[in-house]
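To start, the structure itself, in structure tokens.
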Amino acid sequence: MPGLDTTSTADISFMLLIFFLVTSSMDTDWGLSRQLPPPENQAQEEELVIKQRNALCLKLNAENQLTCNDEPMAVTDLSQRVEDFVANSANDPTLPEKSEREVHLMGRCQVSDRHVIIVEVSPKATYDAYFQMQNAVVAGYNHLRDDLAKEKFHHPYAKCNAEERDAIAMVYPQRISEQALEEEGGEE
Amino acid sequence: MKRGVFRRRKHEMPGLNTAALPDLIFTVLFFFMIVTHMREADLQVRYEVPKGTEVQKLTHKSSVSYIYVGRVHGQPTDSFYIQLNNKLATMADIKAFVEAERAKMNSEDQPRMTVSIKADRDVPFGMIAEIKQALQQSFALKVNYSAVQKIKEEYR
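Going down the list, the sequences are from chains P and H. Going by my numbering, the first residue of the first sequence is number 257, and it counts up by one from there. Going by my numbering, the first residue of the second sequence is number 8, and it counts up by one from there.
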């Protein structure tokens with residue numbers, strides 16, 4: 257009984273290997289996840305008046321310049337600004353109101369649930385500028401949440417379980433509102 | 008002399024034993040099968056995604072659909088095109104695309120359906136806004152702005 261001739265197994269597996277090399281890609285997908293609000297009719301109802309102190313108005317013009325409450329600002333400073341704005345740790349009367357709520361796992365604490373970050377972007381601004389702005393805002397929130405997680409749960413936000421995340425998200429909810437888009441240069 | 012004895016002995020060169028070669032190749036094959044994933048589409052647009060520090064890995068690949076926005080080779084560099092699946096498309100096609108993608112998913116994936124926007128950094132925001140609006144209207148509310156990771160520098 258001669259042994260099975262397996263010389264060509266190598267060739268076959270080589271071919272499989274080459275097939276997979278060609279048809280697959282190695283890049284992993286990274287990105288910034290955002291949740292869009294549901295369409296129109298509900299958004300219309302929520303059009304209530306926002307107090308001056310509760311709003312942070314970010315504008316990005318056609319030349320990709322960022323203004324924050326009508327003051328020019330570098331995108332690198334935005335994270336810090338968002339952080340100070342949302343946290344309002346000194347209860348400054350010019351910064352957002354906070355309310356006291358019962359938060360699961362944390363007991364009663366101050367919750368920053370009134371603030372709104374209003375984002376207005378010119379349709380001519382580049383996607384990159386918009387992305388950097390979003391990134392900076394999220395960075396600000398993440399930093400706050402991270403600090404809170406470390407203080408309350410003694411580990412970073414990334415290591416929190418779903419329950420802890422919910423509690424933290426209740427203290428620092430992400431409230432970003434993007435204005436109707438055709439305001440500048442659109443037909444409306 | 009003893010050395011002479013050795014020299015005279017006929018040595019036949021044995022063939023290289025390749026019995027382990029298939030195993031080796033299979034190992035490499037499995038490695039590639041695990042670390043890579045199938046290409047979703049033939050790219051017809053060229054794009055360079057922005058860089059961000061807060062990006063997260065996209066999980067649940069089966070519930071992700073992709074919209075590509077970028078330049079087309081041979082066209083002026085300031086005009087941008089949308090690609091859905093394997094072909095170029097227009098804004099009006101997005102709704103149908105979302106519906107089709109949703110129908111393809113199983114019931115478990117449908118609620119966590121995410122649309123990943125892979126757009127070039129120079130795309131005007133107006134175009135992204137229109138895409139977002141189209142997605143909103145077709146109730147694909149989870150979007151992901153595709154980006155590459157940049158090392159975080161503390162801003163404090």
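C-beta atoms are modelled at their ideal positions from N, C-alpha and C, and glycine is treated no differently.
_CB of P/Ser433 within 8 Å of CB of P/Ile374, strictly_ = Yes; because the gap between Cβ atoms is below 8 Å, this pair is in contact.
_Integer-rounded CB distance, given that H/Ile158 should sit under 8 Å from H/Lys125_ = With 8 Å as the limit, H/Lys125 and H/Ile158 do not qualify as a contact, their Cβ atoms being about 21 Å apart.
*Inspect the beta-carbon positions of H/Ala147 and H/Pro57 and report whether they are closer than 8 Å.*
no
*H/Thr25 versus chain C: which residues are under 8 Å apart at the beta carbon?*
Looking at the structure shown, chain C is missing, and the protein chains on hand are P and H.
*Under a CB-based cut-off of 8 Å, is P/Ser323 close to chain H?*
Before going on, a small fix: residue 323 of chain P reads as Thr here, not Ser. P/Thr323 does not count as touching chain H.
*Selection of the region 38-60 of chain H by Cβ proximity to chain P, strictly under 7 Å*: Phe39, Met40, Val42, Thr43, His44, Met45, Arg46, Pro57, Gly59, Thr60
*Between H/Ser72, H/Met98, H/Ala110, which lies nearest to H/Ser123 when the distance is taken from Cα to Cα?*
H/Ser72
*Mind checking which residues open and close the beta strand (DSSP E) that includes H/Arg128?*
Looking at the DSSP string, H/Arg128 is not in any beta strand (DSSP E), and its letter there is neither H nor E.
*asked:* Please identify the residue among P/Tyr383, P/Val305, P/Ala318 whose C-alpha is closest to the C-alpha of H/Ile138.
replied: P/Tyr383
*asked:* On the DSSP bridge list, what partners appear for P/Pro328?
replied: P/Thr323
_Range of the contiguous beta strand (DSSP E) that encloses P/Val375_ = Per DSSP, P/Val375 belongs to the beta strand (DSSP E) from 372-377.
_My assumption, with CB atoms under 8 Å, is that H/Lys149 sits in contact with H/Met120. Please give the rounded CB distance._
Yes, they are in contact, since the Cβ atoms of H/Lys149 and H/Met120 sit about 6 Å apart, within 8 Å.
*For H/His44, which residues does DSSP report across the bridge?*
P/Ser281
*Is it true that the region 317-335 of chain P meets the region 87-106 of chain H, where meeting means three or more beta-carbon pairs spaced less than 8 Å apart?*
no
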